[in-house]
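To keep things clear, I will list the structure first and then write my remarks on it.
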Amino acid sequence: MARPSLNDLAAFAAVARHRSFRKAADDLGVSRSALSHAIIGLEAKLGVRLLNRTTRSVSPTQAGADLLKRLDPVLRDLDYALDTLSEVRGRPGGILRINANKSGARILLREVVPRFLAECPEVELDLVSEGQLVDIVEQGFDAGVRLLEAIPQDMVAVRLDGGTRFIAVAAPAYLRDRGRPQSPQDLLAHVCIRQRLPSGKRYRWEFSKRGSEVALDVPGALTLDDNDLLAEAAAAGHGIAYVPEHFAQPFLGDGRLCTILEDWCPQIDGLALYYPRNRHMPSALRAFVNTVKTVRPGT
1 MARPSLNDLA AFAAVARHRS FRKAADDLGV SRSALSHAII GLEAKLGVRL
51 LNRTTRSVSP TQAGADLLKR LDPVLRDLDY ALDTLSEVRG RPGGILRINA
101 NKSGARILLR EVVPRFLAEC PEVELDLVSE GQLVDIVEQG FDAGVRLLEA
151 IPQDMVAVRL DGGTRFIAVA APAYLRDRGR PQSPQDLLAH VCIRQRLPSG
201 KRYRWEFSKR GSEVALDVPG ALTLDDNDLL AEAAAAGHGI AYVPEHFAQP
251 FLGDGRLCTI LEDWCPQIDG LALYYPRNRH MPSALRAFVN TVKTVRPGT
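For the sequence shown, the UniProt record's numbering assigns the number 1 to the initial residue and increments by one for each residue that follows.
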């Protein structure tokens, strides 16, 4: 049996991990057709099918799953060996992959990324902001960004901001016509603009006041999946929205939105960068974390 190339094995691992030729091709920086040919050639060399393919999905066969399980530590060890060369040179290099939501990406792009890229010109930063909460280890990311309260216990977290607040907002004209809710339960008699999460589920609005917590599946004919659009829709008079405060701030500043139920909208822990605790830390990630701590000390 001919020995397959390391590139072909890495290509298979990427497809098996992502369960998608498109995502794996984007990750590797190759075309989908080239990736497909590489996998077909690999299967021919090994004499076994590694992936089940349909028009809608890709998944490892049992043989593919077994190979991936053995390949992962080998590829990690190789990455570690190559990364030590960066440490010897004293200059981080390679690709640093970070998964973040839009809010986190904006914070990083505004302050952290410019300094990091200036100080580490040999690093290629791949910042993915699909908005989905993913297993960063399984999906091949070095780090992620999400709300501090949602970060798994086995991860190291580095704060990116001092906290945030979700607020209920509506246009002044809407409140004149429909009245101002005095409690979260009053929202059940109003028109609300609901939010669909990346998982496909609708977000239940969560309120808290002096230890009392309320979670509501609010009524409404309009559902959106983007906080910017939610704030814009509320400003246009389509109903009440519930968004992180900074998304509503431009509309609050010019009077197109008003806050409601403010005493039910307390401050919560904000966003944090996180990464695995018990894995080798690539030099590029170490440099990025140091930049975060330098640029945003004490957050």
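Glycine included, each C-beta is placed from N, C-alpha and C at the ideal position.
In the DSSP output, what is residue 350 paired with across the bridge? No information on residue 350 is available, as it lies outside the stretch 1 to 299 that the chain covers here.
For residue 44 and residue 232, what's the separation of their Cα atoms in angstroms? For this step, residue 44 is matched to residue 44 along the sequence shown. For this step, residue 232 is matched to residue 232 along the sequence shown. Near 54 Å, if we compare the C-alpha coordinates of residue 232 and residue 44.
Where the alpha helix (DSSP H) through residue 24 begins and ends: In the sequence shown, the residue the question calls residue 24 occupies position 24. From DSSP, the alpha helix (DSSP H) with residue 24 extends over 21–28.
Taking the CB atoms as reference points, tell me whether residue 92 and residue 133 lie closer together than 8 Å. Counted from its first residue, the sequence shown places residue 92 at position 92. Counted from its first residue, the sequence shown places residue 133 at position 133. Cβ distance not < 8 Å, so residue 92 and residue 133 don't count as in contact.
Completely contained beta strand (DSSP E) runs for the segment 127–151, where each covers 3 or more residues: 143–147
Between the alpha carbons of residue 161 and residue 47, how many angstroms are there, rounded? As a working note, residue 161 is residue 161 in the sequence shown. As a working note, residue 47 is residue 47 in the sequence shown. Approximately 52 Å, taken between the alpha carbons.
Own chain residues within Cβ distance below 6 Å of residue 122, not counting five before or after: Counting from one through the sequence shown, the residue named residue 122 turns up at place 122. These residues qualify, in order along the chain: 91, 93.
Using the beta-carbon count (16 or more within 10 Å), is residue 260 buried or exposed? On the sequence shown, position 260 is the one that residue 260 refers to. Burial call: buried.
Run of the beta strand (DSSP E) containing residue 268, from where it starts to where it stops: Looking up residue 268 in the sequence shown gives position 268. In the DSSP assignment, residue 268 falls outside any beta strand (DSSP E), carrying neither H nor E.
Segment limits, alpha helix (DSSP H) that includes residue 94: For the purposes of this step, residue 94 is taken as the residue at position 94 of the sequence shown. Looking at the DSSP string, residue 94 is not in any alpha helix (DSSP H); the run it does join, the beta strand (DSSP E), is 94–99.
Once you ignore the five residues that flank residue 149 on each side, which residues in its own chain have a CB closer than 6 Å to its CB? Translated into the one-based positions of the sequence shown, residue 149 becomes position 149. Contacts found: 269.
What do you reckon, are the CB atoms on residue 167 and residue 234 nearer than 8 Å? The residue labelled residue 167 in the question sits at position 167 within the sequence shown. The residue labelled residue 234 in the question sits at position 234 within the sequence shown. Not closer than 8 Å, so no.
For the beta strand (DSSP E) that contains residue 223, what are its first and last residues? To locate residue 223, count along the sequence shown from 1; it is residue 223. Start and end: 222–224.
How is residue 31 classed by DSSP in three states: helix, strand or coil? Sequence index remark: in the sequence shown, residue 31 carries index 31 (1-based). It is coil, neither helix nor strand.
Looking only at its chain, what residues have a beta carbon closer than 6 Å to the beta carbon of residue 243, apart from the 5 residues adjacent to it on each side? Numbered from its first residue, the sequence shown carries residue 243 at position 243. So the list reads 227, 230, 231, once near-sequence residues are dropped.
Residue 141 vs residue 107 beta-carbon contact at 8 Å: Numbered from its first residue, the sequence shown carries residue 141 at position 141. Numbered from its first residue, the sequence shown carries residue 107 at position 107. In this structure, residue 107 does not lie closer than 8 Å to residue 141 by Cβ.
Is DSSP giving residue 241 helix, strand or coil here? Along the sequence shown, one-based indexing puts residue 241 at 241. Strand at residue 241.
Does residue 119 come out as helix, strand or coil in the three-state DSSP assignment? Translated into the one-based positions of the sequence shown, residue 119 becomes position 119. Reduced to three states, the DSSP call for residue 119 is helix.
List the DSSP bridge partners of residue 52. As a position in the sequence shown, residue 52 is number 52, starting the count at 1. DSSP lists 59 as partners of residue 52.
Take the Cβ of residue 101 as the centre, count every other Cβ of all protein chains shown within 10 Å, and call the residue buried at 16 or more, exposed below. The residue labelled residue 101 in the question sits at position 101 within the sequence shown. Buried, since its Cβ has 16 or more Cβ neighbours within 10 Å.
With DSSP as the reference, label residue 210 as helix, strand or coil. In the sequence shown, residue 210 corresponds to position 210, counting from 1. DSSP places residue 210 in coil when its eight states are reduced to three.
In the DSSP output, what is residue 169 paired with across the bridge? On the sequence shown, position 169 is the one that residue 169 refers to. According to DSSP, which records beta bridges pairwise, residue 169 is partnered with 241, 259.
Taking all protein chains shown into account, do 16 or more other C-beta atoms lie within 10 angstroms of the C-beta of residue 59, making it buried, or fewer, making it exposed? For the purposes of this step, residue 59 is taken as the residue at position 59 of the sequence shown. Label assigned to residue 59: exposed.
Can you give the beta carbon distance from residue 145 to residue 271, rounded, assuming they're within the 8 Å contact cut? The residue you call residue 145 lines up with position 145 of the sequence shown. The residue you call residue 271 lines up with position 271 of the sequence shown. Sure, about 6 Å apart at Cβ, within 8 Å.
CB-CB under 6 Å to residue 124, same chain, minus the five flanking residues each way: which ones, in chain order? Locating residue 124 in the sequence shown gives position 124, counting from the first residue. Correct list, in chain order: 95.
Helix, strand or coil for residue 182? Go by DSSP, reduced to three states. The count along the sequence shown starts at 1 and reaches residue 182 at position 182. DSSP places residue 182 in coil when its eight states are reduced to three.
Boundaries of the alpha helix (DSSP H) in which residue 194 is found, first to last residue: Counting from 1 along the sequence shown, the entry for residue 194 is found at position 194. Where residue 194 is concerned, there is no enclosing alpha helix (DSSP H), although the beta strand (DSSP E) it sits in stretches over 193–195.
Determine the closest residue to residue 210 out of 266, 204, 189, with distance taken between C-alpha atoms. Residue numbering aside, residue 210 sits at position 210 when the sequence shown is read from its first letter. Measuring from the Cα of residue 210, the nearest candidate turns out to be 266.
Beta-ladder partner(s) of residue 215, from DSSP: Here residue 215 corresponds to residue number 215 of the sequence shown, with the count starting at 1. DSSP output for residue 215 lists 206 as bridge partner(s).
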